[in-house]
Each structure stands twice: as C-alpha cells, then as structure tokens.
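In terms of our numbering, the sequence shown opens at residue 13 and continues consecutively. We put the beta carbon where it would ideally sit given N, CA and C, even for glycine.
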Amino acid sequence: MSETTHPQAQGPDHPQAQGPDVPEAEPSTRRSFLTAAAAALGAVAVQSVVTAVPTEAANGDPVRAGQATDATAMTTVRNTASGGTGIRGYASNTSQSTGSRGVVGRSDARQGFGVVGDGHTGVRGTGKMSNSYGVHGTGTRGVVGDSTETNGFGLHGTGHTGVRGVGQMSNSHGVHGTSSARGVFGRTTAGLGEGVRGDGAGANGFGIRGVATGTNGIGVQGTGTARGVIGRTSTRAGEGVRGESTRNDGFGVRGVATGTNGFGVHGAGHTGVRGVGSTAFNDSWGVHGTGTARGVFGRSAATNGQGIRGEATGTNGIGVLGRSTGTQGTGVQREATVVVGTAAGIVGEGAANTWAGYFQGPVHVAGTLTKSSGSFLIDHPLDPANRYLAHSFVESPDMLNVYSGTVTLNGRGRATVRLPRYYEALNADHRVQLTAVGAPAPDLHLASKVEGNRFVIAGGTPGLKVCWQVTGVRQDAWAREHPIKVDHPKPTRERGRYLDPGAHGKPRTAAIGHGRAAG
13 MSETTHPQAQ GPDHPQAQGP DVPEAEPSTR RSFLTAAAAA LGAVAVQSVV
63 TAVPTEAANG DPVRAGQATD ATAMTTVRNT ASGGTGIRGY ASNTSQSTGS
113 RGVVGRSDAR QGFGVVGDGH TGVRGTGKMS NSYGVHGTGT RGVVGDSTET
163 NGFGLHGTGH TGVRGVGQMS NSHGVHGTSS ARGVFGRTTA GLGEGVRGDG
213 AGANGFGIRG VATGTNGIGV QGTGTARGVI GRTSTRAGEG VRGESTRNDG
263 FGVRGVATGT NGFGVHGAGH TGVRGVGSTA FNDSWGVHGT GTARGVFGRS
313 AATNGQGIRG EATGTNGIGV LGRSTGTQGT GVQREATVVV GTAAGIVGEG
363 AANTWAGYFQ GPVHVAGTLT KSSGSFLIDH PLDPANRYLA HSFVESPDML
413 NVYSGTVTLN GRGRATVRLP RYYEALNADH RVQLTAVGAP APDLHLASKV
463 EGNRFVIAGG TPGLKVCWQV TGVRQDAWAR EHPIKVDHPK PTRERGRYLD
513 PGAHGKPRTA AIGHGRAAG
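Rendered as structure tokens:
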C-alpha cells in the first residue's frame, strides 16, 4: 500500500513564500494546482503500483504537493511495489537550447541539500544519450557524497565511466577527494583495467597530480601485486610520471620498498630511470638514492648494456659521483662476477689528454695491478708551479723487494747489517750487492749469507764506508697464490686485438674492450 503525507508545518528550510524558481500564482489557479496534486497523490494512496500521471500548470511551473514549515517534517511519497518509483520527474522538452529538468531540488539554507537520497542506492542517475550524464552537479560543490559506514563509499560510480569530473577553471579540479584515510580510491578487476586514470590534454596538463602538504604526506601512493603506479606518455619529450618538490629537502619522486628484494623505484625501457638535475642549483642531482643497503642499484642484461650510466656535459660536470661519509663506507662499488672472460667491474675510457680514471687520495688494489707502463708524476721540485716531473717504475719478471743502506766497517774491517724482522718471512732468493765508498776494496765480500734477518760484510779497511743493497723475491701467501705469468697467450676473444692498437698502426676499434663502455 502506498501512502502520502502532506505536513503543513512551516520552517526556515521550507518557507511558505514561494522562491524565485516558482512564481506566485493566482489564488484560484493555486487551488486548482493543489486540487490536482491531491487527486494525483490520492490515486497513489489506493494503488499498489503507481502510474505516473503528468500534472502541469498553465505556466509550466511544477505542482507543489505540499509545504513543510516544521524542520522535522517532510512530504513523503511511498511506493511498496517491486521496482516502484516513489517520485518520478519527467521533462519532455528535447531542445538542446533549453535546460529541461526532470526533478529540481533546492534548498535556501546554508547547509541545506537540494536533493537527499537514502537507501541501498541513495541517488541513481542514468544517462540515455551518448554524451548524457547520470548525475550532473554544478555549484560550489557539484556532487557531494558522504558515507559513515566502515566500508561505505561517499561517491560510487559504475559504467563505461564510473565517475567523470571536469574542471572548467584554471585552478579547478575534475575530481577532488579529501578524507582522513583515502581522498580518492580506485579499483579495477579487469585484466588491463585502471583503478584511477588521469589524462592531461593541455600542454602543461597533469593526468594525475598528487600534492601532500603534511610532514609525512604522500602526494600519490600506489600499491599493487603487479604495478603500484604506472605512467605512460606517447609524446617524444613527454613524462609518464613526473614528481616535483618545491622544498629544499623535498622529493619529487620517492620510492620505498620494504620487502627483502623490493625496489623503491624500478625503471624499464630504453632508459630505465632518467634523472635530470636543474642547472639552477649547484648541488642538484639527476638521481639521488639512499638506502641502508644500496642507494642506487643498476643492472643491465644486454651485451653492451650499462647498469648505471652517468654523463656530464658541463665544464666541471660529473657523470657519476660516489661519496661515502661512513667509517667503512664506499663511494662507488662495482663487481664483475663472471668466471671466464674479461669482464670488468668498472671501465673507464679517456680520449686524448683526458683521464680514464682520476683519484685524489690513497688508492688500494686488492689484487693484481697490471699496466702498460708506470711512473710517478709530481710537481717539479725546482719549479713546482709551472712544471711536472715523471719517473718510470722499475719493472721485473719477478715480484722483487729491494732494501738498501750504508754501513761503516769496524776496526777489523767487518760490519753486521740487520734487516727487518719480517724479511725472511716475506722474501727468498736473496741477492746482495756491496759498493765501497772513498777507496777501492778488492777483498770486500759477504762473510755470511743472509740468515736470521742479517748478513756480515768483511774484507775492507777499518772505517771504510760501504753501500749495500739486498733484493728478495716475494714468498708470502698472496704471492704464492697469484704468481705472475710472464709469457702467456691471449684469450680467444682477445686475439687480433691490442692493448694499444695505435702503437701497432691499428685503429682504435681494434682495442681490447672497445665498445664495452660505449653506447
């Protein structure tokens, strides 16, 4: 059974005086309106299924079924039939130049609501045309949805486009969501569906822009079993995902991975991750990574790929800068884990008059250091401001240690030379050379061989000064494990190539490792 109530109480939200949308009618006309409305609602009261009977006024104004002046009173039309409609508004004007309205709700109260829907679906709108809207709201707040349930939705949309928001002003928002938990929440169950999709069609538009003003706020956060956030652009200089920070210590994009093998930021493509530091700041970074294990980790599976590549085109630019402030920290560390071949942890190539690698400070090599030549380069002691001085290393097929000194012979023409305590533990195959200073000493010789980290000189005149030099071949554990292979063939992949192709009249492309650091 349907029922209709028409309370006549007056209240501030429902003034008895007619508003600007419904002009004052003549008394006889108004009575005819109310009589027709009462007859229509009376028909509703005696029918279990409501049949809509259009009731129109002469001037096209809507018929008022009743007015309420009590804040707690309302006009209720109820239909108990399955699939019934309590109130249905119908506008037959199809002209696009005239804005017809099926149902118009208005409230003059500051916190009032034009239309309030309550039920399994509070308000449901269905658009029939190709560009129609199920629900279209305009105003300070076009559409406001509130839910007090734990898992409720303030605004829930389904269809080809569940919810579509269009902002017309320069600083307007298509969809603006605020919440103590989630401002806007999107979910899709389709294979390639998108929970939330934003498109920016303007030259500087944003598909989705997230701004966090709180101390630990997050502009955009994405979580998922496959992809948390995916950004895609089809233009040449477009940006799939762009993050900006206006604070000195802010983050444009910050990636955090709490899993054991998770990635804070993972990039794949022609350029996995590209970072550009603004030239307006001297201390800007293209990519800045911090972590308790790895700040930035790069890996390449391609034959000539680069795990991490840094380029600097400025005069004093640095392609990759590694810095460590910890006691046992490492600025840059790289490993080559292949068993065979000539893989390299770090490869540096320098053009003419440039450094392939430049170190300022102590350098340690825990392994065999090979080189085509070696020398020291220092400021010239006679003209340090304008000249350099270079000396070549002493080369040998053996791992040699050299010790030298001077000694004065005693009254018997003898002297004992004491070597460091570790000498015999480190060296074998001892070789001693003696040189008399100031006078010939044809009988100068070793009275005893090197033993007990000492040797004895004899055969000279008392008071003679003697220069001595001892050479030993290393016999420590590392030297025994890694002997120098003096003469050995090149590996198969290096045959036909040269360490210095220019010295043999060959082009640079014939160099061993050529192209390994190129690309």
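Through-space distance from residue j to residue i, alpha-carbon basis
{"i": "Leu431", "j": "Thr483", "result": "12 angstroms"}
{"i": "Phe309", "j": "Thr339", "result": "21 angstroms"}
{"i": "Glu436", "j": "Asn413", "result": "11 angstroms"}
{"i": "His392", "j": "Gly274", "result": "53 angstroms"}
{"i": "Ile330", "j": "Arg286", "result": "15 angstroms"}
{"i": "Ser336", "j": "Lys461", "result": "50 angstroms"}
{"i": "Thr447", "j": "Tyr415", "result": "14 angstroms"}
{"i": "Gly533", "j": "Gly149", "result": "The structure shown does not extend to residue 533, since the chain is modelled only from 13 to 531, so the question has no answer here."}
{"i": "Tyr510", "j": "Asp499", "result": "16 angstroms"}
{"i": "Pro11", "j": "Ile496", "result": "With the chain running from 13 to 531 in the structure shown, residue 11 is simply not present."}
{"i": "Arg568", "j": "Ala402", "result": "Residue 568 lies beyond the range of the chain shown here (13 to 531); nothing can be said about it."}
{"i": "Ile358", "j": "Gly234", "result": "35 angstroms"}
{"i": "Asp455", "j": "Val344", "result": "59 angstroms"}
{"i": "Thr258", "j": "His516", "result": "56 angstroms"}
{"i": "Gly334", "j": "Gly369", "result": "13 angstroms"}
{"i": "Ser144", "j": "Val187", "result": "18 angstroms"}
{"i": "Asp410", "j": "Ala489", "result": "15 angstroms"}
{"i": "Gly255", "j": "Val232", "result": "9 angstroms"}
{"i": "Ala202", "j": "Thr160", "result": "28 angstroms"}
{"i": "Ala523", "j": "Glu506", "result": "9 angstroms"}
{"i": "Val288", "j": "Ile220", "result": "21 angstroms"}
{"i": "Gly301", "j": "Arg209", "result": "28 angstroms"}
{"i": "Pro519", "j": "Leu394", "result": "40 angstroms"}
{"i": "Thr327", "j": "Glu493", "result": "45 angstroms"}
{"i": "Ala280", "j": "Trp297", "result": "20 angstroms"}
{"i": "Phe371", "j": "Thr504", "result": "33 angstroms"}
{"i": "Gly6", "j": "Gln318", "result": "In this structure the chain extends from 13 to 531, so residue 6 is not present and cannot be described."}
Cutoff 6 angstroms; reference residue i; Cβ partners in own chain excluding five residues on either side
{"i": "Gly101", "result": "Gly114 and Val115"}
{"i": "Gly425", "result": "Gly472, Thr473 and Pro474"}
{"i": "Gly252", "result": "Gly243, Arg244 and Thr245"}
{"i": "Gly157", "result": "Gly166 and Leu167"}
{"i": "Ser404", "result": "Ser387"}
{"i": "Arg399", "result": "His392"}
{"i": "Glu322", "result": "Sequence inspection shows Gly at residue 322; the Glu mentioned does not correspond to that position. Around Gly322: Gly331 and Val332."}
{"i": "Gln481", "result": "Ser416 and Gln445"}
{"i": "Val377", "result": "none"}
{"i": "Val265", "result": "Gly255"}
Cut-off 8 angstroms between Cβ atoms - residues of its own chain near residue i, not counting five sequence neighbours on either side
{"i": "Val449", "result": "Thr418, Leu476, Lys477, Val478 and Cys479"}
{"i": "Gly262", "result": "none"}
{"i": "His457", "result": "Leu446, Ile469, Ala470 and Gly471"}
{"i": "Val127", "result": "Val115, Gly117 and Val135"}
{"i": "Ser384", "result": "Leu511 and Asp512"}
{"i": "Ala364", "result": "none"}
{"i": "Arg443", "result": "Val482, Thr483 and Gly484"}
Counted within 10 angstroms of its Cβ, other Cβ atoms place residue i as buried (16 or more) or exposed
{"i": "Ile230", "result": "exposed"}
{"i": "Leu421", "result": "buried"}
{"i": "Phe125", "result": "exposed"}
{"i": "Ser40", "result": "In this prediction, Ser40 has a pLDDT of 48, which is less than 50 and means its spatial position is unreliable; what the coordinates show is noted afterwards. Exposed, because fewer than 16 other Cβ atoms sit within 10 Å of the Cβ of Ser40."}
{"i": "Phe388", "result": "exposed"}
{"i": "Val429", "result": "buried"}
{"i": "Phe467", "result": "buried"}
{"i": "Ala453", "result": "buried"}
{"i": "Ala427", "result": "buried"}
Residues of its chain near residue i, where Cβ-Cβ distance is below 7 angstroms and the 5 sequence neighbours each way are ignored
{"i": "Asn439", "result": "Asn413, Gly484, Val485, Arg486 and Gln487"}
{"i": "Ile320", "result": "Val308, Gly310 and Val332"}
{"i": "Val299", "result": "Val285, Gly287 and Val308"}
Cutoff 8 angstroms: residue i Cβ touching any chain B Cβ
{"i": "Gly379", "result": "Protein chains in the displayed structure number just one, and chain B is not present."}
Sequence ranges, alpha helix (DSSP H) only - wholly within the segment 448-495, length at least 4
Within the segment 448-495, the complete alpha helix (DSSP H) segments at least 4 residues long are 489-493, listed from N- to C-terminus.
Could you tell me which uninterrupted alpha helix (DSSP H) segments, each at least 4 residues in length, are contained entirely in the segment 389-438, listed from first to last along the chain?
Taken in chain order, the unbroken stretches of alpha helix (DSSP H) that lie wholly in the segment 389-438 and span 4 residues or more are 435-438.
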